[in-house]
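Participant: What follows is a single structure, and I will ask about it in a moment.
Residue numbers (my numbering), protein chains in the order written: chain D, 3 to 119; chain X, 220 to 332.
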């Protein structure tokens with residue numbers, strides 16, 4: 003069974019440009035989470051999808067960030083326009099149910115490293 | 220709000236040394252506590268967990284005990300191996316409301332032969 007896959011693994015862009023990160027969760031996992039880790043700091047929650055609906059987007063830093071999950075399958079996270087402070091590693095995770103996430107059954111991708119110059 | 224505080228790394232040890240990585244938390248109610256590990260080139264994966272006070276989680280020789288009185292969940296291993304080199308994240312999930320895990324900053328462990 004394929005795990006959570008993220009693309010690209012690393013992206014280097016200039017300030018003001020646009021970047022789109024993609025996450026493919028494990029098949030059948032309704033819950034999808036985006037997190038971000040700025041160098042050396044906590045992994046911070048960004049948002050949570052249940053199928054195609056945004057369940058909780060309280061962690062999204064500002065309106066330069068747009069997340070979508072078309073058809074409840076893969077998800078994209080777009081940053082437009084990118085700023086220097088957006089640099090970090092963006093993690094995607096999925097779980098079968100919210101209850102299983104509560105039990106720690108959260109499956110992570112390797113992360114997409116974003117560098118904004 | 221919920222928060223997790225971990226000791227800063229990197230922690231550098233020789234093979235077979237004893238490991239402790241400190242983790243303390245702030246949360247309402249009675250959270251569940253977790254340690255996740257991220258090996259090089261991989262995603263985070265659950266290492267162990269404890270769901271109530273005095274529970275001990277264990278896996279792959281690692282242990283952590285849920286200490287409510289000190290709000291701590293320190294990770295320990297008696298004899299580390301080179302293959303344990305990774306980043307370790309402490310995390311919690313609140314007992315009520317959101318099921319969103321809250322993570323610490325991660326502690327990098329480097330084990331030398």
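By construction, the Cβ of each residue, glycine as well, lies at the ideal position given by its N, Cα and C atoms.
#1: So, at 6 Å on beta carbons, what are the nonlocal neighbours of residue 235 of chain X in its own chain, with the 5 sequence-adjacent residues on each side left out?
#2: With distances taken Cα to Cα, identify the nearest neighbour of residue 72 of chain D among D:81, D:39, D:51 and D:8.
#3: Let me check understanding here. Comparing Cα to Cα, which of X:258, X:288 and X:318 lies closest to residue 326 of chain X?
#4: If we count the other Cβ atoms within 10 Å of its Cβ and call it buried at 16 or more, is residue 87 of chain D buried or exposed?
#5: What are the boundary residues of the beta strand (DSSP E) that residue 277 of chain X is part of?
#6: Give me the Cα-Cα distance between residue 248 of chain X and residue 106 of chain D, rounded to the nearest whole angstrom.
#7: Please classify residue 108 of chain D: does DSSP put it in a helix, a strand, or coil?
#8: How do the stretch 220-230 of chain X and the stretch 96-112 of chain D stand: do at least 3 beta-carbon pairs fall below 8 Å, yes or no?
#9: Could you give the C-beta distance for residue 253 of chain X and residue 45 of chain D, rounded to a whole number, given that I count them as a contact under 8 Å?
#10: Restricting to Cα atoms, I'd like to know which of X:315, X:318, X:307 and X:313 is closest to residue 42 of chain D.
Facilitator: Short version:
#1: Excluding sequence neighbours, residue 235 of chain X sits near 298.
#2: D:51
#3: X:258
#4: exposed
#5: 275-278
#6: Cα to Cα, residue 248 of chain X sits roughly 18 Å from residue 106 of chain D.
#7: coil
#8: Contact between the stretch 220-230 of chain X and the stretch 96-112 of chain D is absent, because fewer than three Cβ pairs lie under 8 Å.
#9: The C-beta separation of residue 253 of chain X from residue 45 of chain D comes to about 12 Å, leaving the pair out of contact by the 8 Å criterion.
#10: The shortest C-alpha separation from residue 42 of chain D is found at X:307.
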